[in-house]
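K.L.:
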Amino acid sequence: MPPTVTITPGALARLLGGHPWVRRADVVRGPDAAGDIVRVSDGRRDGGTALWSERSRIALRLVAREAVAPNEIEALIDRRIGEAIDRRRAFVSSWDACRVVHGEADLLPGLFVDRYADVAVIQTAATAMDAREEAIAAIVARRLGARLVVARDDGAARDFEELPRRSGVLRGTGPTLVAWHDAGSAMETDVLTDGKTGGFLDQQENHARAASCVEGAPEALDAFTYHGGFALALARAGARVTALDESPVAIDRARKNATLNGVALTARCANAFDALRELEGEGKRFDLVVIDPPALAKRASALPAAERGYKELNLRALRLLRPNGVLITCSCSGRLTRDRFASVVEAAARDVGRPLQLVEQRGAGRDHPSLVGVPETEYLKCWILRALS
Ligand code: SAH
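For the sequence shown, the working numbering assigns the number 32 to the initial residue and increments by one for each residue that follows.
1) Curious, which full-length alpha helix (DSSP H) runs of at least 4 residues does the segment 164–205 contain?
2) What whole-angstrom Cβ distance do F317 and L352 have, given they're in contact under 8 Å?
3) Just grab the DSSP bridge partners of Y341 for me.
4) F255 to I322, Cα distance in whole Å?
5) Which residues have their C-beta within less than 5 Å of a heavy atom of the ligand SAH, listed in chain order?
6) In three-state terms, what does DSSP make of D213?
7) Kindly indicate which residue of L402, A378, K412, S401 has the alpha-carbon position closest to the one of R393.
8) Taking 7 Å as the cut-off, decide whether the C-beta atoms of A266 and V294 are in contact.
9) Name, in chain order, the residues that DSSP records as bridge partners for C361.
10) With distances taken between CB atoms, is the gap from R385 to A418 smaller than 7 Å?
11) Where do the N-terminal and C-terminal ends of the beta strand (DSSP E) with L402 fall, by residue?
12) On a CA-only basis, which of S420, A395, G404 is nearest R133? Give me that one, please.
13) Assess contact between the segment 207–226 and the segment 145–157, defined as three or more Cβ pairs (one per stretch) separated by less than 8 Å. Is contact present?
14) Let's see if you can read the secondary structure: which residues bound the alpha helix (DSSP H) around V375?
15) Measure the alpha-carbon distance for I170 versus E309 and round it to whole angstroms.
16) Bridge partners for M218 per DSSP, in chain order?
Next up, the structure:
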């Protein structure tokens with residue numbers, strides 16, 4: 032029998048209602064024996080099996096409604112990874128890179144797995160998952176037939192559990208530089224040293240959608256290009272693209288990727304806030320602008336400043352658009368809700384004084400699903416707008 036953690040009846044009702052987390056404040060009594068796989072109860076009703084964390088504000092993450100013995104947990108993870116892969120096959124079979132496990136939304140809290148061609152990248156953000164990372168790497172290698180499995184446990188998500196930030200090869204051999212395709216564009220990424228897990232897989236479907244906005248040979252600006260996700264998709268569709276990023280490493284990759292795809296790309300290292308102002312001053316105008324900054328609101332206290340940042344970027348982008356021009360604007364800050372993002376866009380439209388058509392509200396790709404009733408699992412906004420005059 033696993034140890035038992037006792038929580039408040041209110042927290043148990045929330046668990047049974049589908050929200051997989053219990054905050055530390057709702058824990059009445061911690062585990063009655065050592066272990067990170069626990070049974071949850073309010074003293075009367077059973078809440079299922081959860082991952083226990085000593086340190087995080089989220090004390091419990093539900094893994095199963097039923098009782099699961101600690102020695103059965105790896106078999107459960109194995110089965111769930113298999114189910115997650117099967118679900119992806121139905122949606123994203125034509126792409127050789129996608130997120131195959133997306134945490135809570137795949138009933139695998141604190142576990143994220145990305146596939147780039149024959150390489151897999153794992154991130155763990157829960158102590159109990161972290162403790163089993165070697166076993167998870169073996170499961171992932173077997174189920175995906177991956178030649179290399181890498182850990183990218185160097186993100187901020189680990190800080191909540193006070194897990195050390197680290198990265199390294201977990202299994203396999205060969206280069207960590209991987210050739211893969213992002214929405215049809217050839218890419219080269221070092222999964223061990225580049226940003227995030229190497230690519231921004233959550234934007235792949237939006238890269239493809241951006242390409243479908245191209246008619247003729249419009250002039251486009253991709254202000255936060257990273258390795259050229261949007262820029263290359265646009266250029267391959269016929270747009271003449273200027274791509275900006277403040278990271279010289281990212282710009283080098285974007286240029287190299289442009290060569291791989293046989294397209295011309297004007298890629299330059301610049302701070303987008305400054306560059307947008309300068310381009311406006313020079314009288315430069317575009318038919319399509321993409322704004323996809325890094326998360327500007329990492330903490331709740333940073334939200335007001337972040338909103339000012341997003342507003343400025345959107346306002347400046349709108350000023351650069353020719354009549355009938357398209358703005359593709361994104362925010363990956365989970366704290367900036369869809370409603371607040373809408374307010375930011377609205378404020379920018381008001382200031383620029385142009386009628387703005389909302390063409391489409393998009394989010395992360397289908398391989399990054401969210402859980403209904405768990406707003407924390409929805410983070411990416413990608414809206415397509417058209418400045419009518
Ligand atoms: N659009 C990309 C992902 C962008 S991630 C895609 O779809 O794949 C955000 C990028 O913004 C990072 O590459 C980071 O280096 C860059 N960045 C951060 N601050 C910046 C700034 N002030 N100006 C320009 N680029 C910036």
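Ideal Cβ positions, reconstructed from N, Cα and C, are used throughout, including at glycine. Fair warning: this is a prediction, and the values are worked out from it, not measured in the lab.
P.N.:
Taking the structure as given:
1) 164–175
2) Taking the sequence shown and counting its residues from 1, the one referred to as residue 317 is at position 286. Taking the sequence shown and counting its residues from 1, the one referred to as residue 352 is at position 321. Confirmed, about 6 Å.
3) Counting from 1 along the sequence shown, the entry for residue 341 is found at position 310. Its beta-bridge partners do not exist; DSSP assigns none.
4) Mapped onto the sequence shown, residue 255 falls at position 224. Mapped onto the sequence shown, residue 322 falls at position 291. Approximately 6 Å, taken between the alpha carbons.
5) F231, Q234, F255, Y257, G260, D276, E277, S278, A281, N302, A303, D323, P325
6) If you number the sequence shown from 1, residue 213 lands on position 182. Strand, per DSSP.
7) Translated into the one-based positions of the sequence shown, residue 393 becomes position 362. Out of L402, A378, K412, S401, K412 has the C-alpha closest to the C-alpha of R393.
8) Mapped onto the sequence shown, residue 266 falls at position 235. Mapped onto the sequence shown, residue 294 falls at position 263. Yes, Cβ-Cβ distance for A266 and V294 is below 7 Å.
9) For the purposes of this step, residue 361 is identified with residue 330 of the sequence shown, where counting begins at 1. The partner list for C361 (beta bridge, DSSP) reads C413.
10) Taking the sequence shown and counting its residues from 1, the one referred to as residue 385 is at position 354. Taking the sequence shown and counting its residues from 1, the one referred to as residue 418 is at position 387. It is a contact, given that the beta carbons lie within the stated cut-off.
11) Looking up residue 402 in the sequence shown gives position 371. Annotation for L402: no beta strand (DSSP E) segment contains it, and DSSP assigns it neither H nor E.
12) Position 102 of the sequence shown, counted from the start, is the residue given in the question as residue 133. It is worth fixing the name first, because residue 133 is His in this sequence and not Arg. Minimum Cα distance to H133 is reached at A395.
13) Enough Cβ pairs lie closer than 8 Å, so yes.
14) Translated into positions along the sequence shown, residue 375 becomes position 344. Counting along the chain, the alpha helix (DSSP H) containing V375 begins and ends at 369–383.
15) For the purposes of this step, residue 170 is identified with residue 139 of the sequence shown, where counting begins at 1. For the purposes of this step, residue 309 is identified with residue 278 of the sequence shown, where counting begins at 1. Whole-angstrom Cα-Cα distance: 51 Å.
16) Taking the sequence shown and counting its residues from 1, one reaches residue 218 at position 187. Answer is W211, bridged to M218.
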